[in-house]
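Student:
Residue numbers (our numbering): 8 to 454.
#1: First and last residue of the alpha helix (DSSP H) that includes residue 47?
#2: Short check: CB of residue 133 to CB of residue 106, under 8 Å?
#3: Would DSSP call residue 128 helix, strand or coil?
#4: I think residue 136 touches residue 119, with their Cβ atoms under 8 Å apart; what is that distance to the nearest whole Å?
#5: Between residue 21 and residue 31, what straight-line distance do the alpha-carbon atoms span, to the nearest angstrom?
#6: Is it the case that the Cβ atoms of residue 243 and residue 265 are separated by a distance below 8 Å?
#7: For a test of the three-state rule: what should DSSP assign to residue 317, helix, strand or coil?
#8: Answer yes or no: do residue 332 and residue 316 have a C-beta to C-beta separation smaller than 8 Å?
#9: Nearest by alpha-carbon distance to residue 319: which of 144, 58, 447 and 294 is it?
#10: Starting from the C-beta of residue 183, find all residues in its chain whose C-beta is less than 6 Å away, skip the five residues before and the five after it, and write them out in chain order.
#11: Excluding five sequence neighbours on each side, which residues of the same chain lie with their C-beta closer than 6 Å to the C-beta of residue 112?
#12: Taking all protein chains shown into account, decide if residue 6 is buried (16 or more other Cβ within 10 angstroms of its Cβ) or exposed.
#13: Given a threshold of 16 other Cβ atoms within 10 Å of its Cβ, counted over all protein chains shown, does residue 100 qualify as buried or as exposed?
#14: Excluding five sequence neighbours on each side, which residues of the same chain lie with their C-beta closer than 6 Å to the C-beta of residue 450?
#15: Identify, in the order they occur along the chain, each residue of the same chain with its Cβ nearer than 8 Å to the Cβ of residue 413, setting aside the five sequence neighbours on each side.
#16: Once the 5 residues before and after residue 48 are set aside, which same chain residues still bring their CB inside 7 Å of it?
#17: Please report the Cβ distance between residue 289 and residue 349, rounded to the nearest whole angstrom; I am assuming they are in contact, meaning their Cβ atoms lie under 8 Å.
#18: What residues are listed by DSSP as bridge partners for residue 296?
#19: Nearest to residue 224 by CA position, among 165, 214, 296 and 216, is which residue?
#20: Along the beta strand (DSSP E) that carries residue 397, what are the first and last residues, could you check?
#21: Could you tell me if residue 258 is buried or exposed, where buried requires 16 or more neighbouring beta carbons within 10 angstroms of its beta carbon?
#22: Within the continuous alpha helix (DSSP H) that includes residue 210, where are the two ends?
#23: For the putative contact between residue 278 and residue 312, defined by C-beta atoms under 8 Å, what is the C-beta separation to the nearest angstrom?
#24: For the alpha helix (DSSP H) that residue 417 lies in, which residues bound it at each end?
#25: Within 8 Å, do at least three Cβ pairs link the stretch 325 to 345 to the stretch 379 to 398?
#26: Per DSSP, what kind of secondary structure is residue 166 in: helix, strand or coil?
#27: Could you check the C-alpha separation between residue 411 and residue 246 for me, to the nearest Å?
#28: Below 7 Å CB to CB, which residues in the same chain sit around residue 12 once its five sequence neighbours on both sides are set aside?
#29: Give me, in chain order, the residues of the same chain whose beta-carbon lies closer than 8 Å to that of residue 398; leave out the 5 immediate sequence neighbours on both sides.
#30: Between the alpha carbons of residue 35 and residue 293, how many angstroms are there, rounded?
#31: Identify whether residue 265 lies in helix, strand or coil by the three-state DSSP scheme.
#32: Which residue wins for smallest C-alpha separation from residue 255, given the options 337, 415, 371 and 338?
Structure, rendered in C-alpha cells:
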C-alpha cells in the first residue's frame, strides 16, 4: 500500500480531485510562481524600463564583458570599446545544436538557477539556464509592453495556455482560477468549437481586462462570438497573444469581437529578445532586451539572428533562431543597433514553406492568399505537404462553406503551386496541435 502511495505524484492528485480543489491547487501553484517571479528584482527592472533612458551601447558593452569574463567559449574574444559593434560582429553565429551540445560551456550558473526547456517543432528538446535576474527582466518587460498600452501589472487576465488543466471528463469546464494573480487559465489543448459557448460564458462572467496566450485559441473564441452576434460587454484593455503566427483576418476578428486593440508579441523559450506590435499595425524591436540582425533572403524577407541582453545565465549570442520577418527594405543586412527597424510582418520559421511543383518556395504569408476573401467561411487552415506534387489542406469551416468554395481554393492552389499539384481536403472541428500546444500553419514533410 505504501509503495502505491509513493508512486502517486502531484499530477495524479490534481486530476483525481474535484474541480473546486483543482482551483485551489492552481492558486497555490500560482502563489509559488508569483513569489519566485515577481520579486524586488522584477519591480526594479520594471521601474527601469518605465523610466527609460537605457542606452544600447551600455547594454552591449556589459554583455561583451560578461561573455569574456564568465563564459568559457567566449573567453578569448577581443573587445574594442571604440568600435563595439565591430567587436560584436566578430563573434561567431550560434545555432541550436551549439546550445544543445555545449550548454555547460556556454553558461554562467551563479545565483538562483532554473532550467528552461523548449521542445520546438523538430521534437528535440533544448535546455538552457536562467537566473533570478534573467527571469525578473523577462517578466518585467512583458508587463512593460502591457503598461505602454494602458494595462497595469496584475490586472485581471485570461490566459490561453498549453497546460493540461482539465481531465478528459471535464471537457466543458476547461478553466481554472489562479486567485493570487487574478488570472483565469483556459486549457487550449481541450478547446473545440463544441465547447466555445462554455468558454465564452466563463469569460463574460470573469470579465478580464486582458487576454493572452495562444493566438488560435483566442481566435476560436472571437469566431464564436462573431458567429453569434456577440461582442464583449465589458472593457477589454488589450489582447496580447503569442507563440503562433498572427494573420490579418485573425487580428481583425479578435479586435472586432472584443472591441479593443491587439498587440502581438514575439520571443522564444531560448531567451530571445522581444519584438512586439504597435497600435499602428507594425512591429518594433525591444531594444532594451537585445540586438537583432536581419539578413535578406528574398525581396523584403529577412532571416533574424538574435542576441539577448536579458539572459546572462545561458547567453543567446548571434543565434540563428530560424524565424523570418518582412521589412520594407532592399538592404542586404540590417541591425537594430544602427538602423531604425519597422517590421511589417513576423513570418515565422524559415522551414515553414510550401514547394511549388518546379521547386520554388512559398511562405506561409503568401500561402494564406488561397483563402483571401473567404475569412468569414474558413476559420482555420493548415497545409501539410507530403511530396512536391501533393498537399493536404486541413480546414475548419463555417456552415455557409460550399463545394464551390472548395473548388475555388483548389484552383488557387494550382495557380500558386502548379497545375499538377494534388490537393486533398480534410475537414475537421479543430486543427491538430503540436506537442508544445502550438498550431502550425504549414507542415512540410518533403525530405
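Even for Gly, the Cβ is constructed at its ideal location relative to N, Cα and C.
Tutor: Judging by the given coordinates:
#1: Here residue 47 refers to the residue found at position 40 when the chain shown is read from its first residue. It spans 47 to 58 - the alpha helix (DSSP H) in which residue 47 sits, taken as one unbroken run.
#2: As a position in the chain shown, residue 133 is number 126, starting the count at 1. As a position in the chain shown, residue 106 is number 99, starting the count at 1. Against a cut-off of 8 Å, the Cβ pair of residue 106 and residue 133 comes out as a contact.
#3: For the purposes of this step, residue 128 is taken as the residue at position 121 of the chain shown. Any reading at residue 128 must be qualified, since the residue scores a pLDDT of 45, below 50, and its modelled position is unreliable; no value is offered.
#4: For the purposes of this step, residue 136 is taken as residue 129 along the chain shown, with counting starting at 1. For the purposes of this step, residue 119 is taken as residue 112 along the chain shown, with counting starting at 1. Actually they do not touch by this definition, with Cβ atoms about 11 Å apart.
#5: Translated into the one-based positions of the chain shown, residue 21 becomes position 14. Translated into the one-based positions of the chain shown, residue 31 becomes position 24. Cα to Cα, residue 21 sits roughly 10 Å from residue 31.
#6: Taking the first residue of the chain shown as 1, we reach residue 243 at position 236. Taking the first residue of the chain shown as 1, we reach residue 265 at position 258. Yes. Within cutoff.
#7: Within the chain shown, numbered from 1, the residue matching residue 317 stands at position 310. In the structure shown, residue 317 sits in coil (DSSP, three-state: anything other than H, G, I, E or B).
#8: By one-based count along the chain shown, residue 332 stands at place 325. By one-based count along the chain shown, residue 316 stands at place 309. Their beta carbons are not under 8 Å apart, which means residue 332 does not touch residue 316 by this criterion.
#9: Counting from one through the chain shown, the residue named residue 319 turns up at place 312. For the residues 144, 58, 447 and 294, the minimum Cα distance to residue 319 belongs to 144.
#10: Within the chain shown, residue 183 is the residue found at index 176, counting from 1. Hits under 6 Å: 29, 30, 33, 172 and 192.
#11: Here residue 112 refers to the residue found at position 105 when the chain shown is read from its first residue. Only 79 and 80 meet the Cβ criterion.
#12: Because residue 6 is not part of the residues shown, which for the chain are 8 to 454, the question remains open.
#13: One-based indexing of the chain shown puts residue 100 at position 93. That one is exposed.
#14: Translated into the one-based positions of the chain shown, residue 450 becomes position 443. Here the set comprises 391.
#15: What you label residue 413 is simply residue 406 of the chain shown in a count that begins at 1. Cβ within range, chain order: 432.
#16: To locate residue 48, count along the chain shown from 1; it is residue 41. Here the set comprises 139, 140 and 143.
#17: Stepping through the chain shown from its first residue, residue 289 is reached at position 282. Stepping through the chain shown from its first residue, residue 349 is reached at position 342. Going by Cβ atoms, the distance from residue 289 to residue 349 rounds to 5 Å, so yes, they are a contact pair.
#18: To locate residue 296, count along the chain shown from 1; it is residue 289. According to DSSP, which records beta bridges pairwise, residue 296 is partnered with nothing at all.
#19: By 1-based counting over the chain shown, the position of residue 224 is 217. Answer by Cα proximity: 165.
#20: As a position in the chain shown, residue 397 is number 390, starting the count at 1. Per DSSP, residue 397 belongs to the beta strand (DSSP E) from 397 to 404.
#21: Working through the chain shown from its first residue, we reach residue 258 at position 251. Buried, since its Cβ has 16 or more Cβ neighbours within 10 Å.
#22: Here the question's residue 210 lines up with position 203 in the chain shown. Here the alpha helix (DSSP H) through residue 210 covers 203 to 213.
#23: One-based indexing of the chain shown puts residue 278 at position 271. One-based indexing of the chain shown puts residue 312 at position 305. Going by Cβ atoms, the distance from residue 278 to residue 312 rounds to 14 Å, so no, they are not a contact pair.
#24: Sequence index remark: in the chain shown, residue 417 carries index 410 (1-based). Start and end: 410 to 424.
#25: no
#26: As a first step, residue 166 is located in the chain shown; it is residue number 159 there, counting from the start. Of the three classes helix, strand and coil, the one that applies to residue 166 here is strand, per DSSP.
#27: The residue given as residue 411 occupies position 404 in the chain shown. The residue given as residue 246 occupies position 239 in the chain shown. Going by the C-alpha atoms only, they are around 35 Å apart.
#28: Your numbering for residue 12 matches position 5 in the chain shown. Here residue 12 scores only 42 on pLDDT, less than 50, and its place in the model should not be relied on; the value that follows carries that caveat. Once the five neighbours on either side are set aside, residue 12 has no close Cβ partner at all.
#29: Residue 398 sits at position 391 when you count from the first residue of the chain shown. For residue 398, where only same-chain residues beyond five positions count, the Cβ hits under 8 Å are 361, 390, 391, 392, 420, 424, 428, 429, 430 and 431.
#30: As a working note, residue 35 is residue 28 in the chain shown. As a working note, residue 293 is residue 286 in the chain shown. Computed Cα separation, rounded: 33 Å.
#31: Here the question's residue 265 lines up with position 258 in the chain shown. Reduced to three states, the DSSP call for residue 265 is helix.
#32: For the purposes of this step, residue 255 is identified with residue 248 of the chain shown, where counting begins at 1. Ranking the options by Cα distance to residue 255, first place goes to 371.
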